[in-house]
Amino acid sequence: MQKLTPFLISFLLVFGAVACQNPSKTSESAPNNPNEAAQTPDVKATEAAQQDAQSLLRRRQLNEDIRAREERNKVAGDETNRATGDLASEVRSKLEANIPNSALTVKAAENGTVTVGGTVGNQQQLAKIEPLAKEIKGVKKVEVKATVAQPKQ
């Protein structure tokens, strides 16, 4: 046992030193230095993410997520009265999927009032905001403070 103890201690020291050599990153885009600021995504990555959010498949996924949340609330016995964060999130998802090239913000109040601000590309998109938001259970009133802004070229 006396010969084995120094061997085990040296093994632990070597293992600890090797394990501390190179910190692993959670993703390829993560900075090497944890004190380093995160890098902004390039234009192509941003456009790809926006197109993904507006694709038909993504729209279906968002709608299924909304239905699943509503089912969970129904099972819990509370179909329409939910946390304002959940309500705002569901409305934001619905608008993101159905109104392309928009920059909208969503705030929800406890009484079921949802306020939508930001910009959309045209008048038709602006008209879609209220009906889409009211499709979410728990939304009682929609205040549209969004405006039409021409896309930058």
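Residue numbers for the sequence shown, in mature numbering (1 follows the signal peptide of the UniProt record, and there is no 0): -19 to -1, 1 to 134.
All C-beta atoms in this analysis are idealised placements derived from N, C-alpha and C, irrespective of residue type, glycine included.
| Query | Result |
| --- | --- |
| Opposite residue 99 in the DSSP bridges: which residues? | 85 |
| Taking a contact to mean a Cβ-Cβ separation below 8 Å, would you say residue 79 touches residue 40 in this structure? | yes |
| Quick check on DSSP: helix, strand or coil for residue 141? | This structure cannot settle anything about residue 141, because the visible part of the chain is limited to -19 through 134. |
| Hey, residue 120 and residue 85 are a contact pair by Cβ (cut 8 Å); roughly how many whole angstroms apart? | Between residue 85 and residue 120 the Cβ distance is about 15 Å, and since that is not below 8 Å, they are no contact. |
| Following the continuous beta strand (DSSP E) through residue 135, name the residue where it begins and the one where it ends. | Here the chain comprises residues numbered -19 to 134, so residue 135 is not present and cannot be evaluated. |
| Decide if residue 108 is buried, meaning its Cβ has at least 16 other Cβ atoms within 10 Å, or exposed. | exposed |
| Quick check: residue 46 and residue 74, are their CB atoms within less than 8 Å of each other? | yes |
| Looking at C-alpha atoms only, which residue of 72, 77, 99 is the closest neighbour of residue 90? | 72 |
| Can you give me the C-alpha to C-alpha distance between residue 128 and residue 99, rounded to a whole angstrom? | 6 Å |
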